[in-house]
Amino acid sequence: MNESPQKSVPSGESLLQFFNSVFEIRSDIQDIKNDLQEIKGIKSSKSGPEYLPVKEFMSAISIGRTKFDELVADGKVRTVRPNGSRKLYVPASEVTRYFEGE
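1 is the number of the first residue of the sequence shown in the numbering used here; add one for each residue after it.
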């Protein structure tokens, strides 16, 4: 009695769910690519600021203060403090660097 294992065939509904998931993932990837292109365009324009206040940086990459402080502590985001200033700034190039994972 040598029984071969039966192969299961996915139902039409499960295939539809799978392909919908794949489509959503591809759409998300395209959105991310578009966002990166937009960021690169902002970076390459000479009219933009060289440094961003911390709040603008956090807004640009959609994070809160706690996450920002973690990134700085881990050395993943560089900051500058002009001489004698209490205000902290982030080089504008850090926005692109953050998304590219450098």
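Where a beta carbon is used, it is the ideal one built from N, C-alpha and C, also for glycine.
{"query": "Using alpha carbons as the reference points, say which of Lys87, Arg86 and Val80 lies closest to Ser93.", "result": "Val80"}
{"query": "Measure how close the beta-carbons of Phe99 and Ile39 come, nearest whole angstrom, since I'm counting them as under 8 Å.", "result": "6 Å"}
{"query": "Could you pull the start and end residues of the alpha helix (DSSP H) that Val54 belongs to?", "result": "Val54 to Ile61"}
{"query": "Is Val22 helix, strand or coil when you go by DSSP?", "result": "helix"}
{"query": "For Lys87, which of Pro10, Lys55, Lys33 and Lys76 has the nearest alpha-carbon?", "result": "Lys55"}
{"query": "Classify Phe68 as buried or exposed, calling it buried when 16 or more other Cβ atoms lie within 10 Å of its own Cβ.", "result": "buried"}
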